[in-house]
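Working notes, beginning with the structure itself.
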Amino acid sequence: MVSFRLITASIAALLAANTITAQQCTLVRDVDYADNDIGQTSQAKAENCCADCQAMPGCKAFNWFGGICYLKSAQGTAVPLPGGFGGAITTTPSTSTKKPTPAPTSTKPTPAPPSKNPTPAPTKQPPSPAPTPSPTPVPVTPPSCARVRKSWDSMTADEQATYVSAIGLAMDKGLYQKFVYIHQEQMSNREAHGTCVFLFWHRKYLLGFENMLRSLGDRYKCLTLPYWDYVQHYSTMQKTRN
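Heads up: the sequence shown is residues -22 to -1, 1 to 220, going by mature numbering (1 follows the signal peptide of the UniProt record, and there is no 0).
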């Protein structure tokens, strides 16, 4: 497992620095491609997943984690997964040999018969006005979803249902369990507990978890993790008893 610094590293940096070529597949360290699962196999090494993907009809990409190859029909959105590998099938460009172009055969020009009447000079046409280019519309960038955390009690019923659905989908895909393992593994993640960066580590950890939930589909692209106000709940419980 990697430290929290790798959890928060950008996906673009991972794709640029950690790419490995194996057989006809490209492997990327510490990355998971979401969705599009069509099967799975068991392999001790990530590079062995390439042959399994090529043997599976319709397989275009795969993920390897904990000895399991997750075969996929397409390369989905990349999300951070310390200790995992993301892979994609690469195509080898075919080479073709160009045939030499034969030299043109020159023929002697046939002299034209003399014209009795002189050919009148062509009348010059006035130049056509150049077309006025139309202005190119400026693309409008949609605003990004704000990350405003709300308490569970202040969320609407639809927001609560969306959050519960995202957690269920993450558990079905095994992504939830991966984040649980990262939090429990303390041999590499020594900063997570009992240090001065406890809060910083967990803020970055929750950000990675939230990004994973947002990558599960359009329904969850604006999802923000809620919080539970235990102090307020305790105060309400005491007032209710009295």
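For every residue, glycine included, the Cβ atom is placed at its ideal position computed from N, Cα and C.
message: With a threshold of 8 Å on Cβ separation, who are the neighbours of Lys128 within its own chain once the five nearest residues in sequence on each side are excluded?
response: Glu137, Thr202, Pro204, Tyr205
- request: Can you tell me which of the three DSSP states Trp206 falls into?
  value: coil
field: Where Cys37 sits in the DSSP three-state scheme
entry: coil
message: Tell me which residue opens and which closes the beta strand (DSSP E) that Ser143 is part of.
response: Run containing Ser143: none in the beta strand (DSSP E); it sits in the alpha helix (DSSP H), 135 to 150.
task: Could you pull out every residue in the same chain whose Cβ sits closer than 8 Å to the Cβ of Ala170, ignoring the five residues on either side in sequence?
output: Phe(-19), His161, Gln164, Phe176, Trp179, His180, Tyr183
task: Measuring alpha carbon to alpha carbon, tell me which of Pro60, Ala124, Tyr154, Thr19 ends up nearest Cys37.
output: Thr19
- prompt: Where does Gln18 sit, in a helix, a strand or coil, going by DSSP?
  reply: strand
- prompt: So Val57 and Ser143 are in contact, right, with Cβ under 8 Å, and what is the actual spacing, rounded?
  reply: Going by Cβ atoms, the distance from Val57 to Ser143 rounds to 18 Å, so no, they are not a contact pair.
task: Rounded to whole angstroms, what's the CA-CA distance from Thr152 to Thr110? Just pull it up for me.
output: Going by the sequence as given, residue 152 is Gly instead of Thr. The straight-line gap from Cα to Cα measures roughly 58 Å.
message: Assuming Gly65 and Phe43 are in contact, meaning their beta carbons sit under 8 Å apart, how far apart are those beta carbons, in whole angstroms?
response: Not quite, the Cβ-Cβ distance comes to about 11 Å (not below 8 Å), so this is no contact.
message: Output needed for Tyr48: all residues of its chain with C-beta closer than 7 Å, excluding positions within five of it in sequence on either side, in chain order.
response: Asp15, Gln18, Phe40, Asn41
- prompt: Smallest Cα separation from Thr4: which of Asn26, Thr173, Ile67?
  reply: Ile67
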